[in-house]
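Numbered as in our numbering, the sequence shown ends at 937 without a single skipped number. Glycine included, every Cβ here is placed at the ideal spot set by N, Cα and C.
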Amino acid sequence: MTEDLSPAERYAAARERAVEQATALAGFREMYEFGLDPFQIEACQALESGKGVLVAAPTGSGKTIVGEFAVHLALLQGKKCFYTTPIKALSNQKYADLSKRYGADKVGLLTGDNSVNSDAPVVVMTTEVLRNMLYSGSQSLLNLGYVVMDEVHYLSDRFRGAVWEEVIIHLQESVTLVSLSATVSNAEEFGDWLDTVRGRTEVIVSEHRPVPLFQHVLAGRRMYDLFEEGEGQRKAVNPDLTRMARMEASRSYNPRDRRKGKMVREADRERERRQRSRIWTPGRPEVIDRLDSEGLLPAITFIFSRAACEAAVQQCLHAGLRLNDDDARMRVREIVEERTAAIPDEDLHVLGYYEWLEGLERGIAAHHAGMLPTFKEVVEELFVRGLVRAVFATETLALGINMPARSVVLEKLVKWNGEQHADITPGEYTQLTGRAGRRGIDVEGHAVVLWQRAMSPEHLAGLAGTRTYPLRSSFKPSYNMAVNLVEQFGRHRSRELLETSFAQFQADKSVVGISRQVQKNEEGLEGYKASMTCHLGDFDEYARLRRELKDRETELAKQGANQRRVAAAAALEKLKPGDVIHVPTGKYAGLALVLDPGIPAGRVNGHRGFEHQDGPRPLVLTAERQVKRLASMDFPVPVEALDRMRIPKSFNARSPQSRRDLASALRTKAGHIVPERHRKGRAAAADDQEIARLRTELRAHPCHGCDEREDHARWAERYYRLQRDTSQLERRIEGRTNTIARTFDRIVALLTELDYLRGDEVTEHGKRLARLYGELDLLASECLREGVWEGLSPAELAACVSALVFEARMADDALAPKLPSGNVKASLGEMVKIWGRLDALEEDFKINQAEGVGQREPDLGFAWAAYMWASDKGLDEVLREVEMPAGDFVRWCKQVIDVLGQISAAAPREGSTVAKNARKAVDQLLRGVVAYSSVG
Numbered sequence: 002m003t004e005d006l007s008p009a010e011r012y013a014a015a016r017e018r019a020v021e022q023a024t025a026l027a028g029f030r031e032m033y034e035f036g037l038d039p040f041q042i043e044a045c046q047a048l049e050s051g052k053g054v055l056v057a058a059p060t061g062s063g064k065t066i067v068g069e070f071a072v073h074l075a076l077l078q079g080k081k082c083f084y085t086t087p088i089k090a091l092s093n094q095k096y097a098d099l100s101k102r103y104g105a106d107k108v109g110l111l112t113g114d115n116s117v118n119s120d121a122p123v124v125v126m127t128t129e130v131l132r133n134m135l136y137s138g139s140q141s142l143l144n145l146g147y148v149v150m151d152e153v154h155y156l157s158d159r160f161r162g163a164v165w166e167e168v169i170i171h172l173q174e175s176v177t178l179v180s181l182s183a184t185v186s187n188a189e190e191f192g193d194w195l196d197t198v199r200g201r202t203e204v205i206v207s208e209h210r211p212v213p214l215f216q217h218v219l220a221g222r223r224m225y226d227l228f229e230e231g232e233g234q235r236k237a238v239n240p241d242l243t244r245m246a247r248m249e250a251s252r253s254y255n256p257r258d259r260r261k262g263k264m265v266r267e268a269d270r271e272r273e274r275r276q277r278s279r280i281w282t283p284g285r286p287e288v289i290d291r292l293d294s295e296g297l298l299p300a301i302t303f304i305f306s307r308a309a310c311e312a313a314v315q316q317c318l319h320a321g322l323r324l325n326d327d328d329a330r331m332r333v334r335e336i337v338e339e340r341t342a343a344i345p346d347e348d349l350h351v352l353g354y355y356e357w358l359e360g361l362e363r364g365i366a367a368h369h370a371g372m373l374p375t376f377k378e379v380v381e382e383l384f385v386r387g388l389v390r391a392v393f394a395t396e397t398l399a400l401g402i403n404m405p406a407r408s409v410v411l412e413k414l415v416k417w418n419g420e421q422h423a424d425i426t427p428g429e430y431t432q433l434t435g436r437a438g439r440r441g442i443d444v445e446g447h448a449v450v451l452w453q454r455a456m457s458p459e460h461l462a463g464l465a466g467t468r469t470y471p472l473r474s475s476f477k478p479s480y481n482m483a484v485n486l487v488e489q490f491g492r493h494r495s496r497e498l499l500e501t502s503f504a505q506f507q508a509d510k511s512v513v514g515i516s517r518q519v520q521k522n523e524e525g526l527e528g529y530k531a532s533m534t535c536h537l538g539d540f541d542e543y544a545r546l547r548r549e550l551k552d553r554e555t556e557l558a559k560q561g562a563n564q565r566r567v568a569a570a571a572a573l574e575k576l577k578p579g580d581v582i583h584v585p586t587g588k589y590a591g592l593a594l595v596l597d598p599g600i601p602a603g604r605v606n607g608h609r610g611f612e613h614q615d616g617p618r619p620l621v622l623t624a625e626r627q628v629k630r631l632a633s634m635d636f637p638v639p640v641e642a643l644d645r646m647r648i649p650k651s652f653n654a655r656s657p658q659s660r661r662d663l664a665s666a667l668r669t670k671a672g673h674i675v676p677e678r679h680r681k682g683r684a685a686a687a688d689d690q691e692i693a694r695l696r697t698e699l700r701a702h703p704c705h706g707c708d709e710r711e712d713h714a715r716w717a718e719r720y721y722r723l724q725r726d727t728s729q730l731e732r733r734i735e736g737r738t739n740t741i742a743r744t745f746d747r748i749v750a751l752l753t754e755l756d757y758l759r760g761d762e763v764t765e766h767g768k769r770l771a772r773l774y775g776e777l778d779l780l781a782s783e784c785l786r787e788g789v790w791e792g793l794s795p796a797e798l799a800a801c802v803s804a805l806v807f808e809a810r811m812a813d814d815a816l817a818p819k820l821p822s823g824n825v826k827a828s829l830g831e832m833v834k835i836w837g838r839l840d841a842l843e844e845d846f847k848i849n850q851a852e853g854v855g856q857r858e859p860d861l862g863f864a865w866a867a868y869m870w871a872s873d874k875g876l877d878e879v880l881r882e883v884e885m886p887a888g889d890f891v892r893w894c895k896q897v898i899d900v901l902g903q904i905s906a907a908a909p910r911e912g913s914t915v916a917k918n919a920r921k922a923v924d925q926l927l928r929g930v931v932a933y934s935s936v937g
């Protein structure tokens, strides 16, 4: 109460209020109806005092308020502000928000697809656009005062993360950086690095969620709380849930129960299980119905499969779920028809529009990367408006898009990571469940995990209660980066700049701990050496003989295994389509029919060294009707054709009926044949003179007769194992020091060899490379240099350029792609040859693809689709031919358009048709569904 204050205290408080009212923050706060949180005020005050800020806070906590304050400061000071985001959809959303607040005349947008009012004082852009501006020395950078990097934790992304570090390193010192991140466990470390490269940076970390999150497990008809009610950070797991899980685990159930001599179907087993138990995994319509009855909608259900998201919508429709009343249905139809008015009726039919609309009218939708961008944007808009109340989404929805819900449902805690099914991490769990709870709408958010057999409540509690989401740099130099840096700074200064990267900062910090371990190991080695001393002679020498003998035996065993592999590979190379073989081992062991011998001839599914290391990979049809591409590990011994069969011309590997008929014919033809067993030969070690010599020397050594020989030998083994470990640690220290700069040196050496660089001079070839961004920047530059694309029509050029961007989602099982004939086929073949030369050159210069540096092989899988679309074929025909979801098709087309734009800028202006045809190819691709990209 001010009445209780002394006159002096009232005067001081009044002065404090007057000072606060004079700040830019005071005027900014008046623009919002709600009060700012303490972490937002702290960050804004730091910004106003001239410091950069790193704000790490949970999803939905309002981090972007700090970014918007940077915009406010820039406008007040007459400076520019660039607001960067990782994805175009998020840029569009932020552009709409800022335009609404500050007026469309003051806000611009720059993405790969759109350029709106790019000279405005505030421009929203993707991070790549800013990186390209920095390298080209764009005039737009003049008077730049602030850069906001939203979702800065993207720098961990192994494909695109390097771009964030490039921007942070190369921005002018006068630019104030605002970094907004999800909650990460090493925010202070990242802040230390920002402090080093950007100057004074305040780190503000907030763990507080503005809307509290409650965790549940839905099992059968009951919703269990995951944690017991109580105060404190360490909450105990709900004992009722633990008891239920224990009871469920104790119920013996044999999945191979038989009924009337037949295997019990999964559906029957589930029905029996439900009858015996109150616990089961609820179906998708059941879950949505339950959430609706408990007032927990709108909800996002995360399913880690596109097909399963679409199937979930259909299951809800077939179950008769309706979440919208008639008034809401009418509003949905109006919005959808308005947003899709530009799409022709014939395309709507191909895109599954009417089934999609039926789901939307009932308040149910899917959301995943395979959808048309327009359809995804409509789902997002309807969800925010409360007209779609149940969304089934893949995890891509968790990345940045502003689509909060009251509840989030996780079907499973396991997802496919591209190589195997793996448990989701605590960081991923936090990111997904962070969507639950809408600020200003919900009092609380709810995360619901569906019960699965063998689920551990303790494991789930560990995911929900852990905040281990460390930020790890993925920064690697590239060819384009190297020529741009050398052109701007010269080689020496460029090397120094790269040494300031977050990747090198983390590597240098990790060396300290390794050095301590090396010191401990050296002390241990002295003790082991004393313990292996023998009174009869030099036990070090005796131990060396034993080690040489063991190494020689191991070497011979490896040689034998290698010879067997070579023999097996040679046998595979003799196989022809129609050969009937017996696969000796592996998941697909048994009778199989060779459809394609799999001997590489140009296309190698993007894997380096496929021809030399992996050998042939035959595509076979198994007797169980599966079409699979096998690997050398499936053939540890040579395989021979048991018989031959004719493969019908009409056979289609994707048709279940075709597979069934041919597998039946295979069993009839060769099911009775018993393959010969492979006999092992005499071991090489039995006749090896070196082994005989070493054994003789061992027996003659004085220490061989020692009573404590084996005790000494154990100490010697420990000594050499620790010595080996210490040497590895020392190599790690050496390898982590100056790693980024050493990679840069190797890249510069290769570019010098190819005449892109001459010392600090960037040649004409190098200047062309500087305009080409992307994974295959050097390959694109070499294709321009050698005139590979000269004389191609726009559609043919689009087909060839697609190989620079496309990557098949499941390369290993992909059949050989269909290609346009004539010029395209010849040019693609030439591109693969050039890649082969570059690949060999990278190996010579020790540039390793496994470390994320270098050129992967071009993938030809999208060439036919790009060619057809650029040749004015209809959407129905193209999608039917390439069997690709509309969203993927549009995304790849836009990436091809982006690279074509780069090629048109980099290609020679005189004596070349490439630049002109690249621009025409862009026009021919940018039509129909590909052109439906909305702004705002």
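Nearest to residue i (by Cα), restricted to the options the options
| i | options | result |
| --- | --- | --- |
| T302 | V389, G321 and Y354 | V389 |
| V176 | L74, E542, G104 and K416 | L74 |
| L842 | A932, W357, V749 and R786 | V749 |
| E556 | V444, K650, D689 and R668 | D689 |
| D597 | E523, D38, D840 and F652 | F652 |
| E152 | T86, I205, G561 and R161 | T86 |
| E554 | S474, R694 and Q78 | R694 |
| P617 | G538, G875, E574 and M869 | E574 |
Run of the beta strand (DSSP E) containing residue i, from where it starts to where it stops
| i | result |
| --- | --- |
| D597 | G591 to D597 |
| A312 | First-last for A312: R307 to H319, but that is the alpha helix (DSSP H), not the beta strand (DSSP E). |
| R630 | V628 to R630 |
| E203 | T202 to V206 |
| L111 | V108 to L111 |
| V410 | S408 to L411 |
Neighbourhood of residue i by C-beta, 8 Å cutoff - its chain only, sequence neighbours within 5 removed
| i | result |
| --- | --- |
| H217 | M224, Y225, D226, L227, H447, A448, V449 and V450 |
| T395 | F303, I304, F305, S306, R307, C310, H368, H369 and A370 |
Residue burial classification, residue i (beta-carbon count within 10 angstroms, cutoff 16)
| i | result |
| --- | --- |
| R213 | Just to set this straight, residue 213 is Pro in the shown sequence, not Arg. The residue in question, P213, is exposed, as its Cβ has fewer than 16 Cβ neighbours within 10 Å. |
| F35 | exposed |
| G528 | exposed |
| Q614 | Legend: pLDDT at Q614 = 48, less than 50; position of this residue unreliable, no value from coordinates given. |
| F83 | buried |
| F476 | buried |
| T128 | buried |
| G591 | exposed |
| G28 | exposed |
| G138 | exposed |
| N133 | buried |
| P886 | buried |
| K588 | exposed |
Local conformation of residue i per DSSP, three classes
| i | result |
| --- | --- |
| Q216 | strand |
| S50 | coil |
| H702 | coil |
| K819 | coil |
| S180 | strand |
| C894 | helix |
| V923 | helix |
Range of the contiguous alpha helix (DSSP H) that encloses residue i
| i | result |
| --- | --- |
| S803 | P795 to V806 |
| A483 | Y480 to L499 |
| T669 | P657 to A671 |
Cut-off 6 Å between Cβ atoms - residues of its own chain near residue i, not counting five sequence neighbours on either side
| i | result |
| --- | --- |
| A47 | V54 and E203 |
Sequence-distant residues of the same chain with beta carbon closer than 7 Å to residue i, five excluded per side
| i | result |
| --- | --- |
| L111 | S119, V124, M126 and V130 |
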